[in-house]
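As structure tokens, the structure follows; a few thoughts come after it.
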Amino acid sequence: MHRLFVALRPPPPMRRKLLDIMDGVDGARWQDEDQLHVTLRYIGEVERPMAEDIATALQAVHAPALDLALSGVGRFDTGSRGRALWAGVTPQDAVAALHCKVDHALVRLGLPLEGRAFLPHITLARLNCGSGPVDAFLAEQGGLRSPPMRFDHLVLYESHLAPDGAWYEPVVRYPLSSPLPRT
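Just so you know, we're using the numbering used here here: the sequence shown kicks off at 209 and counts up by one.
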């Protein structure tokens, strides 16, 4: 079985900016540089033939490259599944449009539409019941901003679970086209 997801990989300056703020919450499992991404669609576990079909179907996704900026931080409270800290990205509508294209390409293969609301973000840390309070981190980093940076490809990743957390292997990179110059 292959555990897959589709994501955007932040450019190096954005990853460095995020790594610089990852501190200040006891017990947080901070993401490392290789884990930083904007999930467009979580797929889950599939057999090899479906994984190959997914890789092929994503070739049909055509979209312009995105210029995205960091925009604040937040917290997900997900009940019994734990919590996470995240950094937002904008403009959200551009990422949501790409999410819809990816989602529809996968639905054509027979996968269900993603049922949860889509909020473009980059996960910074995983938290559990033993993690310290996050309010100071949220207050200190709430004004997180960056200039827009170019995201010029999407990536099909395979997620591998390990005792010390997941690690992500890029399987295929798909270029996003450069937008037409403005006149």
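Heads up, the beta-carbon is just placed ideally off N, CA and C, and yes, glycines get one too.
Since this is a predicted model, take the numbers as computed values, not measurements.
Which residue comes first and which comes last in the alpha helix (DSSP H) that contains residue i?
{"i": "histidine 210", "result": "Here histidine 210 belongs to no alpha helix (DSSP H); instead the beta strand (DSSP E) covers 210-216."}
{"i": "phenylalanine 326", "result": "No alpha helix (DSSP H) holds phenylalanine 326; DSSP gives it neither H nor E."}
{"i": "leucine 226", "result": "220-229"}
Using a 10 Å radius around the Cβ and a threshold of 16 neighbouring Cβ atoms, would you call residue i buried or exposed?
{"i": "valine 233", "result": "buried"}
{"i": "arginine 324", "result": "exposed"}
{"i": "glycine 296", "result": "buried"}
{"i": "valine 281", "result": "buried"}
{"i": "tyrosine 376", "result": "buried"}
{"i": "histidine 422", "result": "Any question about residue 422 goes unanswered here, given that the chain covers just 209 to 391."}
{"i": "valine 315", "result": "exposed"}
Per DSSP, residue i forms a beta bridge with which residues?
{"i": "glutamate 377", "result": "Glu366"}
{"i": "alanine 292", "result": "Phe284 and Arg334"}
Relative to the alpha-carbon of residue i, which residue among the options has its alpha-carbon at the smallest distance?
{"i": "methionine 357", "options": "Gly282, Ala268 and Lys225", "result": "Lys225"}
{"i": "alanine 273", "options": "Phe359, Leu364 and Gln243", "result": "Phe359"}
{"i": "leucine 306", "options": "Arg381, Thr247 and Pro218", "result": "Thr247"}
{"i": "leucine 364", "options": "His210, Met209 and Val214", "result": "Val214"}
{"i": "alanine 268", "options": "Leu227, Arg291, Val310 and Phe284", "result": "Val310"}
{"i": "leucine 335", "options": "Met222, Pro221 and Asp231", "result": "Asp231"}
{"i": "serine 354", "options": "His210, Asp228, Leu212 and Ala292", "result": "Asp228"}
{"i": "leucine 352", "options": "Phe284, Pro219 and Trp294", "result": "Trp294"}
{"i": "arginine 291", "options": "Ser385, Ser339, Arg381 and Gln349", "result": "Ser339"}
Which ranges would you report for the alpha helix (DSSP H) in the stretch 294-375 if only whole runs of at least 4 residues count? 300-315 and 343-349
Contiguous alpha helix (DSSP H) assignments of at least 4 residues, all confined to the stretch 244-277: 256-265
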